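Student: Residue numbers (my numbering), protein chains in the order written: chain A, 3 to 469; chain B, 3 to 469; chain C, 3 to 469; chain D, 3 to 469.
One structure coming up, written as structure tokens, with questions to follow.
Protein chains: 4
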Amino acid sequence: MNFQNIKNKKYIQDYIHQQIEIDNFYLKFINPFQFQRLRDIKQLPTSCFSFPSVNHTRFEHSLGTFSIANKYIKFLKNNQPELNISKILINSVSLSALCHNLGSPPYSSSFINFLKEKYNFDFNVSEMSYKIFENIIETENIDYDNKDKEDEQFDINICKKIISGNKNITNYYEEIVNNTKNGIDSCIFDYLKRDMYKFGFPTQGIDFQILTNNALIIDNKICFRENDINSINDLWNNKINMNKKFYLHKVTKSVELMIKDIFLYSDEQFKYLEKINNLNDFLTFTDFILKQIKLKNSNNNSLKKAQELIKRIEKRNLYYFVGTYDSINLKSSFETFNEETLLKYTSSDYINLTKDDIRINKIKLNLGNDNKDPLLNIPFYKINKKNNTCEVVYKKREEIDHMLPNKFEEQIIMIYITEKNEEKLKAAIAALTNYCKDNGTQANIYKSPKKLMQKYNSSLFSKKLFN
Amino acid sequence: MNFQNIKNKKYIQDYIHQQIEIDNFYLKFINPFQFQRLRDIKQLPTSCFSFPSVNHTRFEHSLGTFSIANKYIKFLKNNQPELNISKILINSVSLSALCHNLGSPPYSSSFINFLKEKYNFDFNVSEMSYKIFENIIETENIDYDNKDKEDEQFDINICKKIISGNKNITNYYEEIVNNTKNGIDSCIFDYLKRDMYKFGFPTQGIDFQILTNNALIIDNKICFRENDINSINDLWNNKINMNKKFYLHKVTKSVELMIKDIFLYSDEQFKYLEKINNLNDFLTFTDFILKQIKLKNSNNNSLKKAQELIKRIEKRNLYYFVGTYDSINLKSSFETFNEETLLKYTSSDYINLTKDDIRINKIKLNLGNDNKDPLLNIPFYKINKKNNTCEVVYKKREEIDHMLPNKFEEQIIMIYITEKNEEKLKAAIAALTNYCKDNGTQANIYKSPKKLMQKYNSSLFSKKLFN
Amino acid sequence: MNFQNIKNKKYIQDYIHQQIEIDNFYLKFINPFQFQRLRDIKQLPTSCFSFPSVNHTRFEHSLGTFSIANKYIKFLKNNQPELNISKILINSVSLSALCHNLGSPPYSSSFINFLKEKYNFDFNVSEMSYKIFENIIETENIDYDNKDKEDEQFDINICKKIISGNKNITNYYEEIVNNTKNGIDSCIFDYLKRDMYKFGFPTQGIDFQILTNNALIIDNKICFRENDINSINDLWNNKINMNKKFYLHKVTKSVELMIKDIFLYSDEQFKYLEKINNLNDFLTFTDFILKQIKLKNSNNNSLKKAQELIKRIEKRNLYYFVGTYDSINLKSSFETFNEETLLKYTSSDYINLTKDDIRINKIKLNLGNDNKDPLLNIPFYKINKKNNTCEVVYKKREEIDHMLPNKFEEQIIMIYITEKNEEKLKAAIAALTNYCKDNGTQANIYKSPKKLMQKYNSSLFSKKLFN
Amino acid sequence: MNFQNIKNKKYIQDYIHQQIEIDNFYLKFINPFQFQRLRDIKQLPTSCFSFPSVNHTRFEHSLGTFSIANKYIKFLKNNQPELNISKILINSVSLSALCHNLGSPPYSSSFINFLKEKYNFDFNVSEMSYKIFENIIETENIDYDNKDKEDEQFDINICKKIISGNKNITNYYEEIVNNTKNGIDSCIFDYLKRDMYKFGFPTQGIDFQILTNNALIIDNKICFRENDINSINDLWNNKINMNKKFYLHKVTKSVELMIKDIFLYSDEQFKYLEKINNLNDFLTFTDFILKQIKLKNSNNNSLKKAQELIKRIEKRNLYYFVGTYDSINLKSSFETFNEETLLKYTSSDYINLTKDDIRINKIKLNLGNDNKDPLLNIPFYKINKKNNTCEVVYKKREEIDHMLPNKFEEQIIMIYITEKNEEKLKAAIAALTNYCKDNGTQANIYKSPKKLMQKYNSSLFSKKLFN
């Protein structure tokens with residue numbers, strides 16, 4: 003009797019996937035400290051300051067993404083035997099999903115923006131993930147090429163391509179995780195449902211599995227069933243909704259800016275660039291960094307400023323939100339807008355602002371195809387039952403929905419001042435309002451002092467960001 | 003010790019509201035057969051043919067609407083003592099909510115369209131509801147004016163206004179149920195969550211109660227808190243979503259058309275106009291009408307056609323969906339389009355269609371303000387903490403969301419043929435395609451025979467309606 | 003490219019299984035009127051009188067049971083290739099699940115108890131289901147033996163065994179549906195989650211699929227993984243809980259008794275015994291029978307009593323609950339207890355009761371192994387990794403839980419009087435109390451008139467039945 | 003117009019309570035760092051090692067408990083005006099709920115057991131909570147006695163009694179939080195639903211609010227409505243279920259023991275007794291202690307052992323579970339059983355075990371009334387409608403349920419060895435088996451080496467603990 007199948011697997015209880023089935027082999031990657039580190043990296047590190055219950059980690063998300071990718075590739079194998087999907091390919095794709103977030107730094111946006119701002123350095127999470135993946139193979143002596151243990155083989159080149167986030171996808175199996183073509187992948191299937199559950203919206207009825215169950219590989223591409231366009235639309239609508247209602251909350255984004263500054267001020271002492279160049283350092287670099295900064299004994303003045311900011315976060319004395327605007331249709335550029343741009347629009351009627359009074363958070367919000375309709379990137383298949391043929395089709399927006407948007411991107415600029423000071427607030431509001439008027443759009447001011455409002459008549463603002 | 007409060011109430015277990023708290027007094031309206039009749043009137047009478055589990059009734063929805071309205075008016079009383087909301091007003095509003103659907107006929111759209119088509123008669127559900135409300139008062143000897151039983155008094159004129167669906171609302175309390183101003187009322191709060199649950203989307207996280215908890219009455223109008231605009235947006239998005247994914251399903255709408263025809267064919271024998279003019283007849287008129295028609299022994303030929311259609315529904319031999327288009331921007335009119343309009347566009351290349359081959363379902367889908375932004379009808383209040391003042395404001399679309407639509411209505415025309423006949427299908431597709439081309443829009447054809455597609459190149463269609 | 007797999011299947015949206023995947027072949031059994039009839043047979047026909055939202059039908063439950071059984075047998079095939087599970091076996095088991103409830107009469111307990119009481123006839127739902135299954139094969143000309151259409155073959159003998167509820171199960175695949183060995187089957191997996199959802203308890207986290215995913219066939223028996231004993235325990239706990247909180251509600255059971263009497267009184271006119279002997283009659287016999295009785299014009303006195311009872315249900319003038327007791331440890335017998343037994347215990351202090359004043363509902367509540375621990379019937383397997391062996395083990399209660407019961411059955415007797423009359427209530431309470439005292443147990447009286455309580459000191463009762 | 007009510011409140015989004023309504027006044031206690039510290043104290047600190055998603059904090063639980071207590075006391079005020087519940091009392095009870103967990107140490111059981119073991123010191127969380135509560139009042143200059151700000155007054159003596167966990171409750175309002183009489187309080191209402199959600203069981207249908215809505219104060223005691231006994235039973239069943247399935251998981255408890263040892267080994271360096279005697283130290287003592295230990299540079303040998311244990315947790319090289327037994331009916335004592343007791347039962351057939359090889363976790367699991375039925379402590383009220391009286395009654399177990407347990411406590415002893423060594427495992431199993439046999443019970447061994455099993459025939463064990 004054959005019970006090997008059952009013998010070598012394990013279940014992990016999860017609130018999204020109920021029971022994540024996992025072959026014992028994969029535990030070789032999960033148990034090492036490099037992977038366990040993800041328990042100390044929050045998925046949405048500053049959301050808990052606006053929504054106390056949002057404290058899930060990259061650890062659970064990685065297991066969830068694995069679970070989806072593992073079923074996804076097995077479904078393809080089952081639906082299309084002619085693809086000759088091997089155990090090696092299944093292992094390669096599943097491991098890539100499991101390890102796709104290994105390189106996450108703590109406080110991701112804050113950290114990445116800090117590196118960009120100070121060193122003009124673009125930190126690449128995917129490449130770091132692959133480095134750590136290699137490191138696990140090395141420290142754990144994993145023999146991926148052992149012909150005797152067929153069940154444990156995988157193709158390290160495929161893993162490299164997928165984990166590193168290859169921009170030029172040529173094979174269907176590279177679309178299952180880190181899908182740089184259209185973003186419809188195991189990662190978003192997991193994080194969207196997981197985040198929604200954590201923010202308080204259990205999504206029993208939202209079912210992305212139908213997409214993967216019905217997918218067909220044609221011309222080495224993943225194509226979805228025509229009818230399942232609804233599920234893709236659901237996914238996009240929920241993604242936008244989550245951004246508007248939760249991810250971009252003004253407090254969440256305020257703390258994000260403060261932590262970026264904490265990295266700036268503590269850099270002399272903690273030398274972050276070294277941390278990302280030295281794998282051993284990086285592997286102990288987690289959300290705990292804030293406590294380390296706080297506990298550090300030193301007379302370094304810059305560090306003291308960092309420590310001061312940590313105390314301000316603890317006491318909820320946060321950077322103060324001024325307002326926001328959408329830069330998408332502006333003559334001026336989203337990329338180049340910065341504190342100095344704004345300072346040019348200050349008015350002599352108000353107190354003098356300096357660059358250090360202002361902080362800016364810039365967010366591009368789209369559906370994976372810049373300002374174009376993301377549908378254009380998704381191949382569907384259409385079965386003609388009579389002729390028994392199957393062809394690839396692309397869908398147009400009008401075919402789905404006449405009440406949908408004619409814009410597919412927002413370029414959101416959020417302005418903060420570093421302290422809650424009424425005179426500075428007035429000055430910042432005036433500058434933002436002037437800037438927007440001059441550039442042909444309207445600023446959405448958060449809380450206008452009464453008089454000011456009469457002067458500038460700018461009472462309107464995007465409620466979505468001000469919950 | 004005071005336990006009267008607890009003594010005189012009862013709880014009804016409900017999957018949306020958990021425990022509906024209900025004063026015993028209201029049972030005088032629930033227990034009579036006129037109200038119990040609603041157990042035999044399905045809320046979405048033909049949806050169960052596409053979604054087997056959708057079989058909830060007006061009975062549960064009426065209790066749910068009551069529950070919301072009853073809490074709503076009590077919250078207002080609590081929040082604004084200066085409104086002097088009396089027990090009489092609470093009773094009047096709560097009873098109106100409870101009874102707002104008493105006049106529902108079986109298979110509502112089918113029945114109403116049948117009356118319109120055959121007799122050009124506009125059946126008014128709200129007025130019928132009020133008639134039955136009066137009838138309960140009479141048959142149960144309910145003394146609404148008894149000064150000795152203060153707890154059981156209500157104002158029958160207020161009930162009349164609310165239940166009958168007054169178009170000229172002058173008092174805030176008329177907005178709580180049957181809100182003809184903007185549609186944000188207890189009825190939609192209940193049916194949206196209830197329908198979503200039944201279609202498989204439990205909505206623990208969707209919370210409309212915050213809207214009612216924070217409402218303020220200013221100038222005799224219900225105004226919502228500025229921040230709660232998000233909840234109103236959620237409501238609208240979910241309403242559109244439910245229409246697109248569920249309410250307008252092609253099978254649901256096919257059966258709806260068939261039942262309209264069943265009413266037409268059986269009218270000679272069942273004399274429906276008499277049923278609505280004679281209250282006793284109407285009170286036994288429920289979803290079981292289909293079985294009554296089926297069991298009727300008669301040689302009447304028209305009745306036999308009705309019986310034949312019932313058998314076709316039972317065997318799922320349904321009217322066949324041809325395609326759809328949106329009439330909103332068309333030169334030709336939504337109102338006047340009918341079978342004959344279409345027949346003019348048939349082509350001699352195809353079989354001859356007659357009026358009886360075609361059926362048309364027309365649906366206006368909007369958010370309660372025709373083709374205008376429904377936001378314009380919703381007053382919000384804005385508290386100025388400094389001046390301790392509170393003013394009414396209206397919001398603009400741009401303030402909420404830049405990715406939202408610039409259109410607020412669809413006028414959906416759905417075309418069916420009465421039998422699944424390939425030649426007729428080709429002819430109908432050709433006519434629909436020609437008509438649309440001629441009127442400057444594009445038809446969405448459901449399933450095109452291969453050749454035809456090449457000829458007309460009309461492969462596109464709205465997936466939303468074809469689940 | 004192979005897309006036949008995808009081409010020939012369909013999805014049905016369901017709130018429990020999300021998307022029920024169904025091969026087109028099975029539609030040959032679903033579309034005929036014999037199956038569609040189940041839309042008119044409620045799953046819990048009298049529960050809606052206590053819980054308005056509980057109105058789901060055998061139709062949805064049949065689809066759900068199919069969905070589970072279909073996945074179940076496919077999992078076994080996948081896990082144990084050595085079983086050589088054929089497409090024929092998959093079809094046979096899946097069809098049996100789909101059709102296992104075809105023979106359900108309307109108002110099942112009421113109808114079955116009526117036949118037993120009047121004719122001492124034991125109506126067998128399973129046998130009737132198989133008859134109708136055969137009937138569909140005949141009327142739809144289904145060729146189950148067509149060697150050319152391998153995908154559509156099935157073994158009618160296997161179907162017969164399973165659908166008819168074979169008491170002597172010899173093959174593992176007979177345990178998947180109608181499992182007479184231990185009741186752990188696709189049917190309970192579906193109805194428990196479905197009922198819980200409808201009563202208001204969405205059960206996202208309750209996962210029976212792990213049981214089926216990990217099942218192993220050893221010695222032609224289904225054995226569960228040792229660890230999954232927890233899921234079986236969950237299932238039993240939820241089953242008991244649902245009975246105590248919902249299924250046995252006093253109002254539900256009151257209406258059940260009234261409908262049994264309606265069958266009795268209307269039998270002369272409707273001749274129910276003929277209905278079950280004539281398949282065509284049976285196939286139009288649905289929940290609609292109550293309306294047919296109501297609408298029947300006749301001077302038959304017995305029928306008028308039936309019609310009177312229907313009106314009483316409509317007005318909620320129900321049989322009145324007196325009290326209950328558990329007969330499990332009594333010297334007297336559960337089987338023989340009846341109205342006359344009770345009448346012997348009336349007291350001359352009270353009004354004289356007659357047999358017609360009293361109604362009795364008897365329910366045996368256990369977990370599928372009479373008064374013995376159901377665990378004793380469930381084989382588990384235990385894998386010994388070292389020796390690479392796998393053995394069958396049985397578990398003892400003490401191994402799971404020390405706080406669990408030492409009793410596994412209740413024999414619940416519920417007593418009603420046919421009208422809410424205080425003198426009769428007093429007399430019935432006295433009789434019940436005396437009877438119980440005499441037989442060494444205690445009655446649980448629902449609502450005791452004050453004085454009576456002092457006399458008999460019988461204030462205690464099972465709250466579970468009185469929600 | 004009155005909008006003060008609305009002006010001064012705020013909402014916090016929560017997945018259990020949806021929107022927690024909170025008067026701005028309470029933010030004076032939430033914003034200070036003493037309260038924010040709870041963000042770094044996990045509710046179930048070692049559960050995330052068996053269930054990755056379980057990482058919620060005392061911060062969210064404190065807000066949730068506040069939300070329930072605040073509504074609870076307001077309901078009482080509303081239902082029984084004669085109680086004259088003042089704003090001061092509402093504030094006192096609500097603040098006590100908010101602050102009832104302020105004194106939680108990191109890794110609570112591990113820390114408390116360490117103090118007990120090393121110093122025989124009983125750490126009292128409740129008293130520490132009150133100390134920190136006082137500390138907030140002092141550092142924030144909160145004037146609880148300001149007659150001018152009536153809305154912000156509270157009675158510090160009531161807070162002291164409630165927060166400190168008074169064992170002699172004399173007033174009903176002391177039962178709302180930290181209910182030492184019967185444990186039915188706001189705290190368990192929150193944590194049970196919260197934990198269930200986090201473990202993957204959203205509990206939309208479980209409704210404890212009905213208990214508080216219907217509570218009546220009689221003789222200065224909280225009495226529940228007779229019918230609501232079902233909800234209390236649900237609560238107990240779910241509590242037991244959660245323990246068996248989740249809280250007591252073998253891995254969770256293994257890590258708990260390891261962290262206790264980490265405290266022991268690092269005590270020399272970190273001086274934990276000083277931390278609890280010095281409030282400032284305690285206020286920076288959080289779950290990050292493990293990282294602090296890990297990063298500490300020192301040659302202290304004991305510390306190195308602590309650091310080694312942390313690495314073992316990171317690599318999941320955990321203390322190894324041997325087995326368990328229930329000590330409730332044993333001649334020997336639960337209290338005195340320890341490593342040495344077990345060592346006396348080792349056998350010369352096996353390797354020699356030392357005290358340091360063994361670890362023991364002892365858990366008393368009951369429902370708040372030791373080994374007696376917890377129902378005996380819950381007063382219910384019974385309304386007699388005729389006489390218009392209301393009396394207090396106590397319920398007996400038999401009245402609810404005949405299938406319930408006759409035991410109300412388990413005394414669970416869980417045995418671990420400190421390394422996964424087969425010889426040591428055999429020796430430990432033998433000792434445990436012998437001990438149990440000698441004391442008249444049976445051990446439940448987790449994984450028995452084959453031979454051993456034949457010798458001792460001890461294949462049985464409690465699956466509940468071995469998920």
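Quick reminder that beta carbons are idealized off the backbone N, C-alpha and C, glycines included.
All values reported here derive from a predicted model rather than from experimental measurement.
1) Identify whether M405 of chain B lies in helix, strand or coil by the three-state DSSP scheme.
2) Drop a sphere of 10 angstroms on the beta-carbon of N243 of chain D, count the other beta-carbons inside from all chains shown, and report buried for 16 or more, exposed for fewer.
3) For Q45 of chain C, does the count of other Cβ atoms within 10 angstroms reach 16, so buried, or fall short, so exposed?
4) Between B:F410, B:K273, B:C189, B:I219, which lies nearest to F113 of chain B when the distance is taken from Cα to Cα?
5) Would you tell me roughly how many angstroms separate the C-alpha atoms of R196 of chain D and S69 of chain D, rounded to the nearest one?
6) Is G185 of chain D helix, strand or coil when you go by DSSP?
7) Could you tell me whether the region 165-183 of chain D touches the region 32-45 of chain D, where touching means 3 or more Cβ pairs closer than 8 Å?
8) With DSSP as the reference, label D328 of chain B as helix, strand or coil.
9) I want to see whether chain B comes within less than 9 Å of G207 of chain C, judged by CB atoms only; does it?
10) Grouping DSSP H, G and I as helix and E and B as strand, with all else coil, what is D124 of chain A?
11) Starting from E310 of chain A, trace the alpha helix (DSSP H) in both directions and tell me its first and last residue.
12) Closer than 8 Å to a non-hydrogen atom of the ligand FAD - does that hold for the CB of C225 of chain B?
13) Please compile the residues from chain D whose C-beta is within a distance smaller than 8 Å of the C-beta of P204 of chain C.
14) Which two residues bound the contiguous beta strand (DSSP E) that contains E341 of chain A?
15) Is there at least one Cβ from chain B nearer than 9 Å to F5 of chain D's Cβ?
16) Strictly under 9 Å for the Cβ-Cβ distance: is E23 of chain B near chain C by that measure?
17) In this structure, what does DSSP give as the bridge partners for C225 of chain D?
18) If we call anything under 9 Å between Cβ atoms a contact, is F382 of chain D one with I178 of chain D?
19) What does K247 of chain D reach in chain C if we use C-beta pairs closer than 8 Å?
20) Kindly say whether L29 of chain B, judged by its beta-carbon, lies nearer than 9 Å to any beta-carbon of chain D.
Tutor: Here's the rundown:
1) Low confidence applies to M405 of chain B: its pLDDT is 48, below 50, so where it sits in the model is not reliable, and the reading given next is rough at best. The answer is coil: DSSP assigns M405 of chain B none of H, G, I, E or B.
2) Classification for N243 of chain D: buried.
3) Buried.
4) Comparing Cα positions, the closest option is B:K273.
5) C-alpha separation (whole angstroms): 13 Å.
6) In the structure shown, the three-state DSSP call for G185 of chain D is coil.
7) Touching, no, given that fewer than three Cβ pairs across the two stretches are closer than 8 Å.
8) Note: D328 of chain B maps to strand in three-state DSSP.
9) Output row for G207 of chain C: interface = no.
10) Coil.
11) Where E310 of chain A is concerned, the enclosing alpha helix (DSSP H) stretches over 303-316.
12) For the ligand FAD, the structure offers nothing, since it holds no ligand at all.
13) Under the 8 Å cutoff, chain D gives P204, Q206, G207.
14) Not the beta strand (DSSP E): E341 of chain A falls in the alpha helix (DSSP H), residues 341-345.
15) Judged by the 9 Å Cβ criterion, F5 of chain D is in contact with chain B.
16) For E23 of chain B, the closest Cβ of chain C is not nearer than 9 Å.
17) BP columns for C225 of chain D point to D:L218.
18) It is not a contact, given that the beta carbons lie outside the stated cut-off.
19) Among the residues of chain C, those whose CB is under 8 Å from the CB of K247 of chain D are N232, following chain order.
20) The Cβ of L29 of chain B sits no closer than 9 Å to any Cβ of chain D.
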